[in-house]
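Visitor: Using the numbering used here, the letters of the sequence shown correspond one by one to residues 9 to 302.
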Amino acid sequence: MRRTNVQIVYINKDGDRITFGQQPPFLISSKKGFAAVQNTITSQKQYGLDGEYFIHQQLESRDLEIDGEITGMNDANLMNNRLNLIKVFNPNLAGVLQFSDNGRTFEIDVLVEEAPTMDSSRNNLTEKFSLKLKALDPYWMDKSEQNRFISLSSVVSNFKFPLSIGSNFTFGEISSGNISEIKNNGDVVVGMDIELRITANCKNPKVLNVMTQEFFGFNGTYTSGTTFNICTIRGKKEVTKIVNGVITNAMAERMVGSSFLQLEKGSNFLKIQADSGAENVIGSVTFSPLVVGV
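1. Does the distance from the CB of G274 to the CB of K191 come in under 9 angstroms?
2. What does a CB cutoff of less than 7 angstroms around F42 pick up in its chain, not counting 5 residues either side in sequence?
3. In this structure, how does DSSP classify S108 when only helix, strand and coil are distinguished?
4. For F167, collect the residues of the same chain with a Cβ closer than 6 angstroms to its Cβ; drop the 5 residues on either side in sequence, then sort them by chain order.
5. Considering only their Cβ atoms, is the gap separating F268 from G199 smaller than 9 angstroms?
6. Is the closest heavy atom of the ligand GTP to the C-beta of A84 under 8 angstroms?
7. Am I right that S152 and R112 are in contact with their C-beta atoms under 8 angstroms? What's the rounded C-beta distance?
8. So what's Q115 in DSSP terms, helix, strand or just coil?
9. Looking only at its chain, what residues have a beta carbon closer than 6 angstroms to the beta carbon of I94, apart from the 5 residues adjacent to it on each side?
10. For the candidate residues G265, E261, V118, L271, whose alpha-carbon lies nearest to that of I240?
11. I need the boundaries of the beta strand (DSSP E) containing D75, first residue and last residue.
12. Please report how far the alpha carbon of N47 lies from the alpha carbon of F223, in whole angstroms.
13. Among L67, F114, Q65, M259, which one has its Cα closest to the Cα of G194?
14. Measuring straight from C-alpha to C-alpha, what distance separates S138 and I238?
15. Relative to the C-alpha of F157, which residue among S292, L86, K21, I116 is closest?
16. Below 8 angstroms on the Cβ atoms is my contact criterion, and I expect D109 with N20 to pass it. Report the Cβ-Cβ distance as a whole number of Å.
17. Quick check: what's the CA-CA separation for S165 versus R205?
18. With H, G and I counted as helix, E and B as strand and the rest as coil, what does DSSP make of S152?
19. Thinking just about the alpha-carbon of each residue, which of H64, T207, V218 is nearest to the one in N288?
20. In whole angstroms, give me the CA-to-CA distance for N252 and T234.
21. Does any C-beta atom of chain B lie closer than 9 angstroms to the C-beta of S108?
22. Sorted by chain position, which residues of the same chain lie with C-beta nearer than 6 angstroms to I36's C-beta, five sequence neighbours on each side aside?
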C-alpha cells in the first residue's frame with residue numbers, strides 16, 4: 009500500500025525550496041540512500057592464522073537519489089514547475105534535505121551531485137525527473153529533538169512561609185556544581201554547544217565529564233557579564249568569550265588538557281567546577297541527536 013504521509017523538502021542556501029510528496033506538482037516515485045550507509049571495514053591477514061585482524065571501520069558519505077514526476081495544469085504551468093525544480097537544485101548551492109514520516113522529521117546537509125534530469129518522453133501534463141545528492145556527513149539530525157536544552161545550574165527559591173523580608177533578603181540563589189545527567193538518544197557520539205555565564209567573580213571555571221574526567225576550562229578570574237561559548241560539534245569547533253557585547257577568540261585562555269567534550273550514546277554526567285565562585289556560573293548545554301538512517 010502506498011504511504012501517503014511521506015514528505016521530502018529540499019532547501020538551498022538561498023532559501024528556495026521544493027516539496028516532494030504524494031500531492032502535485034512534485035510527486036515521489038522512489039528514493040534511495042535514505043537508510044543506513046555502507047560501512048568500510050579495514051582488516052589485515054596474518055600468515056599462518058585463520059581469518060583477519062580488525063584495523064578500522066568508517067561510514068562512507070551518503071549518496072541520495074530521488075525519482076519522481078512533475079505535473080502541471082497546462083503546458084505553461086508544467087514548464088514553470090520544471091524550471092523551478094532546476095533552479096532550486098542549482099549545483100553551485102549547498103542545501104538541506106528534510107525527510108518527514110509519521111510525524112517525525114529528520115534533516116541532513118547535502119550537495120547537488122547531479123542536477124535534475126528529465127525524461128525526454130512526456131505524458132500529457134506530466135514529466136519524469138531524477139536527481140542525485142551527496143551528504144559528506146552521513147548522519148541525519150533528528151529534528152524532533154533538535155537543539156535539546158539542558159541546564160547545568162538551577163535557581164533555588166528562598167521563599168519560605170511565614171515570609172520575612174529583611175535588608176539582606178534574596179529571592180533565590182544559583183545552585184551550581186551539581187551533577188547533571190544528559191541523555192543522548194541518538195545512534196552515535198555527538199558534539200554540543202556549552203554556555204558558561206558568569207554572574208559574579210569566578211576563578212578557573214570548567215565543565216567536567218564526571219565519568220571520563222575529561223574537561224574544558226579557562227585560566228583566569230572572571231567577573232559578572234562574561235560569557236563563554238564552547239562549540240564541540242564536528243566541523244564547527246570554536247571557543248569564544250563575550251564581554252559587553254564584544255566577541256573574542258578564547259582559545260588562548262583555555263586550560264592545559266582541555267578537550268572538546270562529546271556526548272556518548274546514553275547517559276552522560278557533567279558538572280561545573282571552579283577554584284572559587286562555582287556558584288556564580290550559570291551553565292547550559294544544547295545538542296541535537298544524530299541517527300544513522302531513516
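Even for Gly, the Cβ is constructed at its ideal location relative to N, Cα and C. Computed from a prediction, not measured in an experiment: that's the story for all the values here.
Guide: In terms of the structure at hand:
1. yes
2. L72, F107, G301, V302
3. strand
4. Residue placement at F167 cannot be trusted, given a pLDDT of 45 that sits under 50; the coordinates are not used to answer.
5. yes
6. This structure lacks the ligand GTP, and indeed carries no ligand of any kind.
7. 5 angstroms
8. Looking at the sequence provided, one finds Glu at residue 115 rather than Gln. Three-state result, E115: strand.
9. P124
10. Per the sequence presented here, residue 240 reads as Thr, with Ile not at that position. Nearest of G265, E261, V118, L271 to T240, Cα basis: L271.
11. 70-79
12. 31 angstroms
13. F114
14. 41 angstroms
15. S292
16. So it is not a contact: roughly 22 angstroms between Cβ atoms.
17. Note on S165: pLDDT 46, under 50, position unreliable in the model; no value is reported.
18. helix
19. T207
20. 8 angstroms
21. This model lacks chain B altogether, as it is built from one protein chain only.
22. F28, G76
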